[in-house]
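Enquirer: The sequence shown runs 24 to 294 under the numbering used here. All residues carry an ideal CB built from backbone N, CA and C; glycine is no exception. Below: one structure in structure tokens.
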Amino acid sequence: MSVHKEIKKVTTNVLLEMKRRGEKIAMLTAYDFTTASIVDSAGIDVILVGDSASNVMAGHETTLPITLDQMIYHASSVVRGIDRALIVVDLPFGSYQGNSKEALNSAIRIMKESGAHAVKLEGGAEIRESIERILSAGIPVMGHLGLTPQSIYKFGTYTVRAREEEEARRLIQDAHILEKAGCFALVLEKIPAALAEKVAKELTIPVIGIGAGGGVDGQVLVFHDMVGLTKEFSPRFLRRYLNLNEEITSAVGNYVKDVKSRDFPNQNEQY
Ligand code: KIV
């Protein structure tokens with residue numbers, strides 16, 4: 024039987040066991056109670072309370088403006104919606120970079136105030152001290168390399184990362200540093216598939232990709248993109264499983280029409 028079917032609660036050890044058995048890990052974002060309970064009952068392994076909430080929930084252009092308090096609000100709503108999935112929460116921009124003590128305090132606030140199970144940080148060697156300090160408090164850490172949206176103003180573009188040899192070499196080095204530091208898993212975003220596969224083969228911890236091809240140990244997508252709630256964002260790596268934007272627009276249009284025409288509510292829809 025697969026690990027996925029055997030277990031009642033996903034833990035970091037369960038993810039390791041999935042990698043050992045060659046069983047792929049399915050991860051999606053969620054930011055609220057209702058969505059979290061739907062994706063959890065549908066069998067998702069990991070829910071990421073991503074700082075992409077800054078884009079898809081709050082309408083900001085980047086992930087930078089979202090605050091630690093706002094991440095805790097989203098995370099605690101998600102925690103109330105799940106029975107089985109492992110919940111990982113992004114440490115937001117400005118809550119961990121360059122100061123390991125602040126990183127630890129931010130991670131502790133997330134764990135204490137939301138009830139989530141782990142945190143995710145973007146970066147490699149430069150945040151090693153923060154990662155080690157968080158881990159020393161017993162808080163599991165997921166790494167994130169490749170396209171790291173909190174550094175968008177350094178990159179200048181959301182294009183594929185690590186195409187050049189030097190950047191690819193540094194990414195591999197960073198991946199090993201994160202594994203050695205004690206991260207339980209690693210997200211690789213928007214890098215060449217061959218590079219991602221090489222990293223996944225070299226590491227013993229699970230590597231979860233977004234726009235990183237099929238040679239990794241699992242996949243993550245932003246929920247709003249995957250169900251077609253967002254329309255404009257259409258990168259090559261995105262598979263849309265629904266077209267909810269069109270369906271909801273049509274449903275709301277019908278509701279407006281029915282209210283205006285006095286068709287809603289009818290005799291059976293009132294007391
Ligand atoms: O915030 C987010 O949704 C993420 C995923 C894209 C991995 O970090």
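1) Near G236, which residues of its chain fall below 6 Å by C-beta distance, leaving aside the five closest residues on each side in sequence?
2) Judging by CA-CA distance, which residue of G205, K221, H247 is the nearest neighbour of T35?
3) Can you give me the C-alpha to C-alpha distance between M165 and D286, rounded to a whole angstrom?
4) Does DSSP put V142 in a helix, a strand or coil?
5) Is the region 127-139 touching the region 26-43, taking contact as three or more C-beta pairs under 8 Å?
6) Using 9 Å as the threshold, is the C-beta distance between A126 and S137 below it?
7) Does chain B have any CB closer than 9 Å to the CB of R107?
8) Quick check on M145: buried or exposed, where buried means 16 or more other Cβ atoms within 10 Å of its Cβ?
9) Going by other Cβ atoms of all chains shown within 10 Å of its Cβ, with 16 needed for buried, is Q293 buried or exposed?
10) Measuring alpha carbon to alpha carbon, tell me which of V62, L170, I95 ends up nearest G104.
11) Under three-state DSSP, which class holds M165?
12) Is the CB-CB distance between L38 and A198 below 9 Å?
13) Would you say the beta carbon of D240 is closer than 8 Å to some non-hydrogen atom of the ligand KIV?
Expert: Working from what's here:
1) So the qualifying residues of the chain are A216, A219.
2) For T35, the nearest C-alpha among the options comes from G205.
3) 52 Å
4) Reduced to three states, the DSSP call for V142 is strand.
5) no
6) no
7) This model lacks chain B altogether; it includes just one protein chain.
8) Met is not the amino acid found at residue 145; the sequence shown has Glu there. Counting Cβ neighbours within 10 Å, E145 comes out buried, since at least 16 surround it.
9) exposed
10) Nearest C-alpha to G104 among V62, L170, I95: V62.
11) strand
12) no
13) no
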